[in-house]
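Just below is one structure, and these are the notes that go with it.
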Amino acid sequence: MEFLDAVFNRRTTNGPFRPDPVSPEHQQLLIRAAASAPSQFNSQPWRFVLIEDRATIETVASISGESMTAVMSAGTFFDRYKKYFRFSQKEMDATRSGMLFDKMPALLRPFTSRAFTPSGQSLMNKLHVPQTLGEENRKLVAGSPLLIGVMLERGEYRPGELSGFYSVFSMGAAVENLWLTTVELGMGIQFVSFPMEAPENWKRIIDMLAVPDDLELMAVYRLGYLPEKKHRPAIDWSSSERKRPSQFVFRETCATPQLGWDDDVRPGAAAS
19 MEFLDAVFNR
29 RTTNGPFRPD
39 PVSPEHQQLL
49 IRAAASAPSQ
59 FNSQPWRFVL
69 IEDRATIETV
79 ASISGESMTA
89 VMSAGTFFDR
99 YKKYFRFSQK
109 EMDATRSGML
119 FDKMPALLRP
129 FTSRAFTPSG
139 QSLMNKLHVP
149 QTLGEENRKL
159 VAGSPLLIGV
169 MLERGEYRPG
179 ELSGFYSVFS
189 MGAAVENLWL
199 TTVELGMGIQ
209 FVSFPMEAPE
219 NWKRIIDMLA
229 VPDDLELMAV
239 YRLGYLPEKK
249 HRPAIDWSSS
259 ERKRPSQFVF
269 RETCATPQLG
279 WDDDVRPGAA
289 AS
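Numbering of the sequence shown is given in the working numbering, commencing with residue 19 and proceeding in unit increments.
Written as structure tokens, this is what we have:
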């Protein structure tokens, strides 16, 4: 695969993976790719934990599903992230950013305009939408043959200091290398983010993985080989649109937008 093909075909996998275990060779290649990323002073602040044990994966899955149900039932998730949610193609075309909920049960579609109101939250709870989403999330994580925990060395990761910025920047480069490698290998990847929304549940994962005091668990990802046919959850989103270059690129100074490149935008070239 050409490098730019991998870049433009990178995806987040919202659906299930094949049950096949990720081969040792591919696991090693993923980590080698991640470790090839740049880091300030060649500090290489990243650490990784590979998880294949079924009991551990099932427990992480349960924690993730519980977390999703809890934060969505309380409304805190929507309060934090509502500016990124789109419920029509018209909204998405206007912003060219965020997540378009283009797959929803017919029962819920008429109520999307009330999604972020108290009455909308009450309706979603009454219809058990948080429980439905939480169970979908649990199944997705539980069906993953591999989880990867990404950690940073606390000696480098010092929030508020430049070294903290450098280490997070380096970690992002490492994860992107790993992510692009999944495209080459016919694999998918998704951030298991919901336990982080519930700090007490994130602590459970930290303890289960025996993360030492000198490391900070920054993220957990689920990985696996992609099935031939894509299965979408009952409630799902897409994020193929990208902003036009004139919206985020400037020439010489930030007072002058870059013009003339917008026609080269490839719609649907990538998904979040």
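Glycine is no exception: its CB is placed at the ideal position from the N, C-alpha and C atoms.
Among the bridge pairs identified by DSSP, D254 is matched with K121.
F59 counts as exposed, since fewer than 16 other beta carbons sit within 10 angstroms of its beta carbon.
A residue is called buried when at least 16 other Cβ atoms come within 10 angstroms of its Cβ; V168 meets this threshold and is buried. Per DSSP, reduced to three states, the secondary structure at F26 is helical. For Y99, no beta strand (DSSP E) encloses it; the enclosing alpha helix (DSSP H) starts and ends at 94–99. Sixteen is the threshold: since fewer than 16 other Cβ atoms of the shown chains lie within 10 Å of the Cβ of W279, the residue is exposed.
Under the three-state reduction of DSSP, E194 is assigned to helix. Beyond the five residues adjoining it in sequence on each side, M236 comes within less than 7 Å, by CB distance, of V168, M169, L170, M189 in the same chain, given in chain order.
Using a 10 angstroms sphere on the CB of Q139, the tally of other CB atoms reaches 16 or more, which defines it as buried.
Under the 8 Å Cβ criterion, the segment 171–185 does not count as touching the segment 261–270, having fewer than three qualifying pairs. Fully contained in the segment 57–89 are the following beta strand (DSSP E) runs of length 3 or more, in chain order: 64–69. A distance below 8 Å separates the beta carbons of V159 and A79. With at least 16 other beta carbons inside 10 angstroms of its own, F212 counts as buried.
Within its own chain, the residues whose Cβ lies closer than 8 Å to the Cβ of P123, once the five positions on either side in sequence are excluded, are A252, I253, listed in chain order. DSSP lists no bridge partner for A133.
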